[in-house]
Amino acid sequence: MKDRTQVRLKQLAVHRVGNKAKEEGVVASRELVDLRDEQLYDLLVNYFLTPFKQEEFFRFTHTSDVALNEMFAYSALIFAEPHNFHEYSVHILNHLYQQSDHPKVKSGELYVVHFEGCVMEEEVVDAIGIFKSENKDTFLTFQDEADDLNVNYHFGVNLKGVDKGCMIYNTQAEDGFRVKLVDANSYDAVFWKDDFLNVAELQDTNYNTKTVLNLCKDFSEEVFARTESKKAQVDFISRSVDYFSKSETFDLEEFTSSVIDEPETKERFKDYSQAFAEERDIEGFTDFAINKNTVRNMKRKFRNFIKLDTQIEIKFSGYNPEQSEQYVERGFDQERGMHFYKVYFYSES
-1 MKDRTQVRLK
9 QLAVHRVGNK
19 AKEEGVVASR
29 ELVDLRDEQL
39 YDLLVNYFLT
49 PFKQEEFFRF
59 THTSDVALNE
69 MFAYSALIFA
79 EPHNFHEYSV
89 HILNHLYQQS
99 DHPKVKSGEL
109 YVVHFEGCVM
119 EEEVVDAIGI
129 FKSENKDTFL
139 TFQDEADDLN
149 VNYHFGVNLK
159 GVDKGCMIYN
169 TQAEDGFRVK
179 LVDANSYDAV
189 FWKDDFLNVA
199 ELQDTNYNTK
209 TVLNLCKDFS
219 EEVFARTESK
229 KAQVDFISRS
239 VDYFSKSETF
249 DLEEFTSSVI
259 DEPETKERFK
269 DYSQAFAEER
279 DIEGFTDFAI
289 NKNTVRNMKR
299 KFRNFIKLDT
309 QIEIKFSGYN
319 PEQSEQYVER
329 GFDQERGMHF
339 YKVYFYSES
């Protein structure tokens, strides 16, 4: 969360949830956590809010009516009746336990949190945080006693990061609220996102920007890599990233014309993008505003180097199309029977 200055932690319930397949059961706390200790309060706020740095937003879904989504219903009740927060937190605990029926799902502590003062664009709203800690660390503790130092150890939760979490913001209720996710464990990601929460990613500017950049990445790897040289692949990626970095909006026709020169490759890209959208049931990604934060985050996923079988690697700094187009040439040496790259430069460093 970018702006945390106004956020206040109003209520917190902590329960324990086990694995249903192993019949471990649940432990529901009797009372809410006392938040009057300032140091504990600050530690908890930082622990809960720090992980949410990603751009993706989700929303609650259901096959027939979003009101039938259990987590949507419990969230709506908490927003409407915060005085019954503890009661509804126990319902959330039991719902989580019912979904924890896979052998890989770990037992752990469940934190249900009520926040106030969360900034969503220009709106200040309440939010519900749901977190689960599954992994325990060992901590050494030291105590001074009669001019001596005693060493002991304790098991506990590491405050550097949550294992699973979500923030449910009280906005756009008619569209399933706005939800953010974090999940540090990939082995049971479906359980948290789909079984427990049942959310789908919001098709906003972040989603569209990320989708088309992934489309370009896949096209370069599946089409360029098979039919063209590695240099042509790097050229395409550099042009694509450069387009997204400099343009405010994406237009499929404009993008295709400015990034791809060969008419045959242009048609191949249009066919590929159409099939890409149909396979993923995506609509409206041919014309949208570009999310610059998403572009910056996605850059590191693209390959901007050429790896040769002679144990030599040509690495390009950034995604400037001029680097590969003007300063690198590819050719074939008939005498040696080998391909070669010619690199132009003014000085060495």
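Residue 99 in the working numbering is what sits at position 101 of the sequence shown, and the numbering runs on without skipping anything. The beta carbon of each residue, even a glycine, is placed where N, CA and C say it ideally should be.
Collapsed DSSP secondary structure at residue i in the structure displayed
i	result
K102	coil
N183	coil
I235	helix
I349	In the structure displayed, the chain extends from -1 to 347; residue 349 sits before or after that span and is not available.
K158	coil
E21	coil
F338	strand
Y355	In the structure as shown, the chain begins at -1 and stops at 347. Residue 355 is therefore absent and cannot be evaluated.
L7	strand
R266	helix
E327	strand
D285	strand
R301	coil
E36	helix
R28	coil
D249	strand
K244	helix
Y167	strand
F343	coil
E199	strand
E349	There is simply no residue 349 to check, as the chain begins at -1 and stops at 347 in what is shown.
F55	coil
D146	strand
Cut-off 7 Å between Cβ atoms - residues of its own chain near residue i, not counting five sequence neighbours on either side
i	result
Y353	The first residue shown for the chain is -1 and the last is 347, placing residue 353 beyond what the model contains.
S215	According to the sequence provided, residue 215 is Lys. The question's Ser does not apply to it. Within the same chain, K215 has close Cβ partners K299, F300.
V64	F58, F70, G174
D202	F55
E85	none
A19	D99, H100, P101
F267	F217, T254, I258
A198	F56, R57, T59
Residue from the options whose Cα sits closest to the Cα of residue i
i	options	result
T59	R176, I76, L75	R176
D193	D124, A125, H100	H100
R301	E265, S218, Q324	S218
T263	R224, N291, M296	R224
D135	F153, T61, A144	F153
M165	F56, P261, L147	F56
N196	D202, E68, R278, V239	E68
R34	R6, E121, V149	R6
H81	S62, E119, E29	E29
Q170	G329, E276, E121, Q4	E121
E265	K228, T48, G115, V221	V221
K102	E85, D146, R278, F189	F189
Q4	E22, L91, C116, Y86	C116
E172	L66, I235, S347	L66
K8	H337, K20, D32, V24	D32
A287	Y317, S245, D307	S245
L200	S105, L75, F283, H89	F283
Y344	R294, Y325, D331	Y325
K51	E143, V180, S73, A275	V180
G106	F83, M118, E132, E119	E132
R294	S243, D331, F46, A144	S243
Y45	K178, D279, Q332, G163	G163
Same chain, Cβ closer than 8 Å to residue i, neighbours up to 5 away in sequence not counted
i	result
E349	In the structure as shown, the chain starts at -1 and stops at 347, and residue 349 therefore has no counterpart that could be examined.
D285	T247, F248, D249, L250
G335	none
L91	H13, V15, V24, A26, L108, V110
K297	V239, Y317
K229	I304, S322, V326, R328, Y339
Cβ-based neighbour list, residue i, same chain, cut-off 6 Å, excluding 5 preceding and 5 following
i	result
E53	N204, N291, T292
N168	F77, V123, D124
K313	F303
E327	K340
N148	Q141
N289	T203, N204, T207
S227	R328
S87	A11, V110
F338	G329, D331
Distance cut-off 7 Å: residue i Cβ against heavy atoms of the ligand FMN
i	result
E277	Annotation note on the ligand FMN: not contained in the displayed structure, which lists no ligands.
Does the structure place the region 179 to 193 close enough to the region 262 to 274 that three or more beta carbon pairs sit under 8 Å? The region 179 to 193 and the region 262 to 274 do not touch, with fewer than three beta-carbon pairs separated by less than 8 Å.
With a threshold of 8 Å, are at least 3 pairs of Cβ atoms found where one atom belongs to the region 148 to 167 and the other to the region 207 to 225? Too few Cβ pairs lie closer than 8 Å, so no.
Is it true that the region 107 to 125 meets the region 133 to 141, where meeting means three or more beta-carbon pairs spaced less than 8 Å apart? No, the region 107 to 125 is not in contact with the region 133 to 141.
Ignoring anything shorter than 4 residues, give me the alpha helix (DSSP H) runs that lie fully in the region 75 to 144, in order along the chain. Taking 4 residues as the shortest admissible run, the region 75 to 144 contains the following complete alpha helix (DSSP H) segments, listed from N- to C-terminal end: 83 to 97.
Answer yes if the region 33 to 41 comes into contact with the region 117 to 136, meaning at least three C-beta pairs across the two stretches below 8 Å, and no otherwise. They do not touch, by the three-pair rule.
Is the number of C-beta pairs between the region 14 to 25 and the region 88 to 96 that are closer than 8 Å three or more? Per the Cβ contact rule, the region 14 to 25 is in contact with the region 88 to 96 (3 or more Cβ pairs under 8 Å).
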